[in-house]
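Using the numbering used here, the first residue of the sequence shown is number 145, and each one after it goes up by one. No residue lacks a Cβ here, since even glycine has one placed at the ideal position from N, Cα and C. Below you'll find the structure, written out as structure tokens, and then a few comments.
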Amino acid sequence: MQTWPGNSYPLGSTFDGSGTNFALFSSVAESVELCLLDEDRTEEHIEMTEVDAFVWHAYIPQLGPGQRYGYRIHGPYDPALGIRCDPSKLLLDPYAKAIDGQVTTSNALYSYDFEDPTRPNHEDSVHDNMVSVVINPYFDWGHDRSPRHDYSESVIYEAHVKGLTMRHPDVPEALRGTYAGMAHPSIVKHLTDLGITTVELMPVHQFVNDPVLQERGLSNYWGYNTIGFFAPHNGYAASGTAGEQVPEFKSMVRTLHAAGIEVILDVVYNHTAEGNHMGPTLSFKGIDNAAYYRLVDGDRQHYFDTTGTGNSLLMSSPHVLQLVMDSLRYWVTEMHVDGFRFDLASTLARQFAEVSRASAFFDLIHQDPVISQVKLIAEPWDVGDGGYQVGGFPPLWSEWNGKYRDTVRDFWRGQFSSLPQFASRLAGSADLYEHTGRRPVASINFVTAHDGFTMRDLVSYDGKHNEANGENNADGESNNRSWNCGAEGDTDDPEIHALRARQIRNLLTTMLFSQGVPMIAHGDEMGRTQGGNNNAYCQDNEISWVDWDLDEEQEALLHFSQHLIRLRREHPVMRRRRFFKGAATRGGESDLGEVEWFTPGGTHMTEEEWNQPWARATMVFYNGSAIVEPNKTGQRIVDDDFLLLLNAAPESVEFHIPDTVYGKVWKTVVNTSNDDDRSEVRSGDTVQVPARTSLILINPLGE
Numbered sequence: 145m146q147t148w149p150g151n152s153y154p155l156g157s158t159f160d161g162s163g164t165n166f167a168l169f170s171s172v173a174e175s176v177e178l179c180l181l182d183e184d185r186t187e188e189h190i191e192m193t194e195v196d197a198f199v200w201h202a203y204i205p206q207l208g209p210g211q212r213y214g215y216r217i218h219g220p221y222d223p224a225l226g227i228r229c230d231p232s233k234l235l236l237d238p239y240a241k242a243i244d245g246q247v248t249t250s251n252a253l254y255s256y257d258f259e260d261p262t263r264p265n266h267e268d269s270v271h272d273n274m275v276s277v278v279i280n281p282y283f284d285w286g287h288d289r290s291p292r293h294d295y296s297e298s299v300i301y302e303a304h305v306k307g308l309t310m311r312h313p314d315v316p317e318a319l320r321g322t323y324a325g326m327a328h329p330s331i332v333k334h335l336t337d338l339g340i341t342t343v344e345l346m347p348v349h350q351f352v353n354d355p356v357l358q359e360r361g362l363s364n365y366w367g368y369n370t371i372g373f374f375a376p377h378n379g380y381a382a383s384g385t386a387g388e389q390v391p392e393f394k395s396m397v398r399t400l401h402a403a404g405i406e407v408i409l410d411v412v413y414n415h416t417a418e419g420n421h422m423g424p425t426l427s428f429k430g431i432d433n434a435a436y437y438r439l440v441d442g443d444r445q446h447y448f449d450t451t452g453t454g455n456s457l458l459m460s461s462p463h464v465l466q467l468v469m470d471s472l473r474y475w476v477t478e479m480h481v482d483g484f485r486f487d488l489a490s491t492l493a494r495q496f497a498e499v500s501r502a503s504a505f506f507d508l509i510h511q512d513p514v515i516s517q518v519k520l521i522a523e524p525w526d527v528g529d530g531g532y533q534v535g536g537f538p539p540l541w542s543e544w545n546g547k548y549r550d551t552v553r554d555f556w557r558g559q560f561s562s563l564p565q566f567a568s569r570l571a572g573s574a575d576l577y578e579h580t581g582r583r584p585v586a587s588i589n590f591v592t593a594h595d596g597f598t599m600r601d602l603v604s605y606d607g608k609h610n611e612a613n614g615e616n617n618a619d620g621e622s623n624n625r626s627w628n629c630g631a632e633g634d635t636d637d638p639e640i641h642a643l644r645a646r647q648i649r650n651l652l653t654t655m656l657f658s659q660g661v662p663m664i665a666h667g668d669e670m671g672r673t674q675g676g677n678n679n680a681y682c683q684d685n686e687i688s689w690v691d692w693d694l695d696e697e698q699e700a701l702l703h704f705s706q707h708l709i710r711l712r713r714e715h716p717v718m719r720r721r722r723f724f725k726g727a728a729t730r731g732g733e734s735d736l737g738e739v740e741w742f743t744p745g746g747t748h749m750t751e752e753e754w755n756q757p758w759a760r761a762t763m764v765f766y767n768g769s770a771i772v773e774p775n776k777t778g779q780r781i782v783d784d785d786f787l788l789l790l791n792a793a794p795e796s797v798e799f800h801i802p803d804t805v806y807g808k809v810w811k812t813v814v815n816t817s818n819d820d821d822r823s824e825v826r827s828g829d830t831v832q833v834p835a836r837t838s839l840i841l842i843n844p845l846g847e
């Protein structure tokens with residue numbers, strides 16, 4: 145086959161309409177073979193003789209989209225020195241834009257013998273690894289544009305491509321569990337009717353189905369096991385896996401954009417699927433192990449791991465930083481996504497041992513004209529020393545607010561001494577974010593996410609029930625801050641049912657009425673359950689998939705959720721763009737009266753009352769006329785006033801409505817004990833709020 149020298153940039157395979165350029169970085173290779181494969185994995189080997197600055201490259205005329213390929217790296221194999229070249233292993237291109245196939249459980253993927261790990265294993269992995277695919281980069285985007293929702297207007301919906309669509313009766317069976325299914329009108333209608341602005345897709349980068357899970361009859365469902373940072377996961381493609389997954393993904397984005405919905409990707413740049421020194425050789429490990437992975441000082445056979453997965457990418461390596469930045473830019477510029485949620489983001493900030501806001505990763509993100517302009521959300525922790533960094537990320541970044549999650553759970557399960565922290569979280573967590581110059585939107589407010597209980601399970605189980613995972617219920621978090629409301633799991637007790645329904649509504653109401661950005665886990669808006677499994681990472685089945693066959697109670701919850709989101713959208717007083725002015729104590733009761741905190745008796749909270757451990761009820765005044773920041777057109781925003789009557793106590797509490805200074809007539813817009821309540825009260829009235837109930841009242845502007 146005719147080959148030309150080609151170019152060292154860009155890395156990966158690039159089809160230009162006439163042929164394809166291949167470029168691969170490896171500083172340890174002595175020679176590199178480009179392997180072109182047919183559908184039966186028969187290989188044609190092409191030696192890459194051109195190398196510039198450790199980038200091996202070649203151009204092949206007339207070679208185009210759909211071509212499967214891989215690499216074989218010839219060089220030293222000395223694990224003690226951190227070098228793991230092994231030409232018997234067919235390797236994935238780290239920059240592959242599409243990947244075909246899935247790994248097997250064969251010993252051929254490993255460079256050591258299962259029976260005797262001290263012996264090298266030279267079995268050929270060509271039939272057991274995935275393979276890279278040349279793609280056609282051209283796509284008709286039409287008039288596609290990002291909805292570009294301001295953070296203050298955003299309601300995020302964490303969703304799994306397969307889990308959300310697999311059981312929807314209106315999605316054609318062939319499209320269920322796919323990008324095309326995600327773009328189906330029935331799914332789009334659900335999202336738009338709900339009122340969310342942004343879907344945050346759980347990992348869609350090509351990931352590996354762990355061999356250990358395959359052997360247990362399970363599979364990696366969540367996808368936090370990336371091997372291809374440029375390739376859409378082929379398991380979610382309805383149209384094919386020889387490059388067809390790319391236009392299918394783009395079509396999904398285009399469809400969601402047309403409906404006014406942003407697309408954020410949950411990305412996993414902290415580690416790869418190759419695991420530790422006992423893991424398979426799939427790509428990076430065999431190409432240039434020490435350039436891609438963080439190895440233990442003085443023991444370079446082993447990997448320094450702050451992720452709990454076996455390895456961590458070397459964030460001080462210019463080649464890793466280039467990989468991450470090239471990947472991010474690709475997904476924004478070529479795939480049109482609107483932002484990223486970074487899994488275990490503290491690992492990305494470890495240029496050396498410690499987490500540092502001065503790391504090169506942050507510098508590159510902040511100066512990049514493309515990436516700095518999209519939504520950037522951190523999961524601000526990892527499992528390493530000093531890894532819990534809630535509130536510690538720099539400007540431009542929002543964070544999953546783990547303290548919000550824990551505090552709101554504690555408050556509504558009746559935990560003593562939780563009211564002061566609850567007030568701070570409701571008011572936007574200024575104590576965590578204001579000191580870095582950030583605004584309330586730095587806080588991504590969530591109560592549940594993919595990792596842990598669903599919201600329904602949070603109020604139905606005291607303990608985890610992960611037996612189906614095959615780990616003797618030893619996996620998953622044990623400290624869930626959950627409460628089963630009086631019975632573990634399913635029950636026929638109508639009082640417990642009613643209490644659980646109230647608790648779910650309390651949690652949703654708190655999220656939607658908190659300052660910051662709310663995030664709902666898919667299915668929580670309609671009472672999805674996982675049967676108490678709080679670690680369903682390996683359950684690619686009905687345990688995790690959303691069940692769309694809703695009973696009357698679930699339908700009512702869905703309508704309630706839609707109502708809450710609509711209220712938030714219509715009232716900027718719930719989504720302030722700045723922290724409250726003045727004293728930021730407790731809930732941020734301000735000098736300008738933007739928010740005020742009352743006892744149920746209608747008096748302002750005193751320091752003594754804040755510190756009462758048994759205080760589990762409070763009344764909050766949101767002053768709509770005190771919003772001083774302008775909107776996008778420069779107009780001063782004025783809104784209605786709201787009273788939040790929140791009772792997390794196990795008994796009903798009598799609330800006294802404040803005097804006429806705050807409003808004369810108050811109309812009920814939310815009652816978590818009664819969805820149909822639209823009653824009115826007047827200033828000076830007494831309102832009996834049932835146990836564990838939220839009551840939200842509105843004083844319309846001018847009344």
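| message | Between which residues of its own chain and Val690 is the CB-CB distance below 7 Å, once the five residues before and five after are set aside? | response | Along the sequence shown, read from residue 1 onward, the residue named residue 690 stands at position 546. Apart from the 5 residues on each side of it in sequence, Val690 sits with its Cβ closer than 7 Å to the Cβ of Gly307, Leu308, Arg311, His666, Gly667 and Arg672 in its chain, given in chain order.
| field | 8 Å contact criterion, which Asp337 and Gln706 should meet: CB distance rounded | value | The count along the sequence shown starts at 1 and reaches residue 337 at position 193. The count along the sequence shown starts at 1 and reaches residue 706 at position 562. Contact between Asp337 and Gln706 is confirmed by a C-beta separation of about 6 Å, below the 8 Å threshold.
| query | Should the region 392-412 be regarded as contacting the region 247-254, the criterion being three or more beta carbon pairs within less than 8 Å? | reply | Counting C-beta pairs with one atom in each stretch, the region 392-412 and the region 247-254 have fewer than three that are closer than 8 Å, which means they do not touch.
| said: Please state whether the Cβ-Cβ distance between Arg557 and Ile515 is less than 8 Å. | reply: Position 413 of the sequence shown, counting from 1, holds the residue named residue 557. Position 371 of the sequence shown, counting from 1, holds the residue named residue 515. No; because the gap between Cβ atoms is not below 8 Å, this pair is not in contact.
| said: Rounded to whole angstroms, what is the Cα-Cα separation between Cys179 and Val356? | reply: For the purposes of this step, residue 179 is taken as residue 35 along the sequence shown, with counting starting at 1. For the purposes of this step, residue 356 is taken as residue 212 along the sequence shown, with counting starting at 1. When rounded, the distance between both Cα atoms is 28 Å.
| said: Can you tell me whether Val199 is helix, strand or coil according to DSSP? | reply: Your numbering for residue 199 matches position 55 in the sequence shown. If DSSP states are grouped into helix, strand and coil, Val199 belongs with the strands.
| field | Alpha-carbon spacing of Gln358 relative to Glu669, whole angstroms | value | As a position in the sequence shown, residue 358 is number 214, starting the count at 1. As a position in the sequence shown, residue 669 is number 525, starting the count at 1. Distance between the alpha carbons of Gln358 and Glu669: 32 Å.
| request: Check each candidate in His480, His510, Thr450 and Val172 and name the one with the smallest Cα separation from Asp487. | output: Reading the sequence shown from its first residue, position 343 is the one you call residue 487. Checked all of His480, His510, Thr450 and Val172; the closest Cα to Asp487 is Thr450.
| request: State yes or no: is the beta carbon of Glu696 nearer than 8 Å to at least one beta carbon in chain B? | output: Reference to chain B is not applicable here, since this structure consists of a single protein chain.
| query | Relative to the C-alpha of Asp554, which residue among Ala403, Ala642 and Arg836 is closest? | reply | Residue numbering aside, residue 554 sits at position 410 when the sequence shown is read from its first letter. Residue nearest to Asp554 within the set Ala403, Ala642 and Arg836 is Arg836 (criterion: CA-CA distance).
| Rounded C-beta distance between Gln832 and Glu795? I'm assuming under 8 Å. | Translated into positions along the sequence shown, residue 832 becomes position 688. Translated into positions along the sequence shown, residue 795 becomes position 651. The pair is not a contact, with the Cβ atoms about 11 Å apart (cut-off 8 Å).
| said: On the CB-based measure, 16 or more other CB atoms within 10 Å of its CB, does Met749 come out buried or exposed? | reply: Along the sequence shown, read from residue 1 onward, the residue named residue 749 stands at position 605. Here Met749 is buried: its Cβ has 16 or more other Cβ atoms, across all protein chains shown, within 10 Å.
| request: Go through its chain and collect everything with a Cβ distance to Pro844's Cβ below 6 Å, but skip five positions before and after it. | output: To locate residue 844, count along the sequence shown from 1; it is residue 700. Excluding five sequence positions before and after Pro844, the CB atoms of its chain that fall closer than 6 Å to its own CB belong to Asp784, given in chain order.
| query | Rounded to the nearest angstrom, how far is the Cβ of Val343 from that of Leu253, given a contact under 8 Å? | reply | Along the sequence shown, read from residue 1 onward, the residue named residue 343 stands at position 199. Along the sequence shown, read from residue 1 onward, the residue named residue 253 stands at position 109. Contact check for Val343 and Leu253: beta-carbon distance about 34 Å, past the 8 Å limit, so the pair fails to qualify.
| task | Apply the 10 Å Cβ neighbour rule to Ala727 and answer buried if 16 or more other Cβ atoms are within range, or exposed otherwise. | result | Sequence index remark: in the sequence shown, residue 727 carries index 583 (1-based). Confidence at Ala727 is low in this model, with a pLDDT of 47, below 50, so the placement of that residue is unreliable and no value is reported for it.
| Of all the options Phe506, Glu621, Asp529 and Asn545, which has the alpha carbon lying nearest to the alpha carbon of Glu523? | By one-based count along the sequence shown, residue 523 stands at place 379. Closest by alpha carbon: Asn545.
| request: With a 10 Å radius around its C-beta and 16 neighbouring C-beta atoms as the bar for buried, classify Glu188 as buried or exposed. | output: Here residue 188 refers to the residue found at position 44 of the sequence shown. When all chains shown are included, Glu188 counts as exposed.
| How long is the line joining the alpha carbons of His201 and His609, rounded to whole angstroms? | The count along the sequence shown starts at 1 and reaches residue 201 at position 57. The count along the sequence shown starts at 1 and reaches residue 609 at position 465. Between His201 and His609, the C-alpha separation is close to 52 Å.
| Thinking C-beta only, is Pro205 closer than 8 Å to Gly163? | Translated into positions along the sequence shown, residue 163 becomes position 19. Translated into positions along the sequence shown, residue 205 becomes position 61. A contact, by the Cβ cut-off of 8 Å.
| task | Rounded to whole angstroms, what's the CA-CA distance from Val332 to Leu652? Just pull it up for me. | result | Locating residue 332 in the sequence shown gives position 188, where the first residue counts as 1. Locating residue 652 in the sequence shown gives position 508, where the first residue counts as 1. Approximately 22 Å, taken between the alpha carbons.
| Leu602 to Thr654, Cα distance in whole Å? | Translated into positions along the sequence shown, residue 602 becomes position 458. Translated into positions along the sequence shown, residue 654 becomes position 510. Across the structure, Leu602 and Thr654 are spaced so that their CA atoms are roughly 15 Å apart.
| message | For His271 and Ser383, I'd like the C-alpha separation in whole angstroms. | response | Start at 1 with the first residue of the sequence shown, and residue 271 comes out as number 127. Start at 1 with the first residue of the sequence shown, and residue 383 comes out as number 239. Computed Cα separation, rounded: 23 Å.
| task | State the CB to CB distance for the pair Arg228 and Gly430, rounded to an integer number of angstroms; the pair is presumed to be in contact (CB under 8 Å). | result | Within the sequence shown, numbered from 1, the residue matching residue 228 stands at position 84. Within the sequence shown, numbered from 1, the residue matching residue 430 stands at position 286. With a Cβ gap of about 6 Å, Arg228 and Gly430 count as contacting.
| request: Return helix, strand or coil for Gln350, following the three-state DSSP convention. | output: Here residue 350 is taken as the residue at index 206 of the sequence shown, counted from 1. Gln350 falls in the strand class under three-state DSSP.
| message | Spatial neighbours of Ala403 within its chain, please: C-beta separation below 8 Å, excluding the five flanking residues on both sides. | response | Numbered from its first residue, the sequence shown carries residue 403 at position 259. Same-chain partners within the cutoff: Val332, Leu335 and Thr336.
| query | Nearest to Asp512 by alpha carbon, out of Arg398, Thr551 and Asp470? | reply | Counting from one through the sequence shown, the residue named residue 512 turns up at place 368. Out of Arg398, Thr551 and Asp470, Asp470 has the C-alpha closest to the C-alpha of Asp512.
| request: Given a cut-off of 8 Å, decide if Pro281 and Phe373 are closer than it, judged by their beta-carbon atoms. | output: Within the sequence shown, residue 373 is the residue found at index 229, counting from 1. Within the sequence shown, residue 281 is the residue found at index 137, counting from 1. Taking 8 Å as the Cβ cut-off, Phe373 and Pro281 do not qualify as a contacting pair.
| request: Can you say whether Asp519 is buried or exposed, counting buried as having 16 or more other CB atoms within 10 angstroms of its CB? | output: Translated into the one-based positions of the sequence shown, residue 519 becomes position 375. It should be noted that the sequence gives Lys, not Asp, for residue 519. Burial call: buried.
| query | Of all the options His463, Val315 and Pro662, which has the alpha carbon lying nearest to the alpha carbon of Phe198? | reply | Stepping through the sequence shown from its first residue, residue 198 is reached at position 54. Ranking His463, Val315 and Pro662 by Cα distance to Phe198 puts His463 first.
| message | Buried or exposed for Gly193, going by 16 or more other Cβ atoms inside 10 Å? | response | Residue 193 sits at position 49 when you count from the first residue of the sequence shown. Checking the displayed sequence, the identity of residue 193 turns out to be Thr instead of Gly. With a threshold of 16 other beta carbon atoms within 10 Å, Thr193 falls short and is exposed.
| task | Excluding the 5 residues preceding and the 5 following Arg720 in the sequence, name in chain order all residues of the same chain whose CB lies nearer than 8 Å to its CB. | result | Within the sequence shown, numbered from 1, the residue matching residue 720 stands at position 576. Residues Ser296, Gly572, Pro584, Gln659, Glu738, Ile771 and Glu773 of the same chain have their beta carbon placed closer than 8 Å to that of Arg720, with the five preceding and five following residues left out of the count.
| said: Can you look up Thr341 in the DSSP assignment and give me helix, strand or coil? | reply: Taking the first residue of the sequence shown as position 1, residue 341 is located at position 197. In this structure, Thr341 counts as coil in the three-state DSSP scheme.
| field | Thr747 burial status per 10 Å Cβ neighbour count (16 or more: buried) | value | Locating residue 747 in the sequence shown gives position 603, counting from the first residue. By the neighbour-count rule (16 or more Cβ atoms within 10 Å), Thr747 is not buried but exposed.
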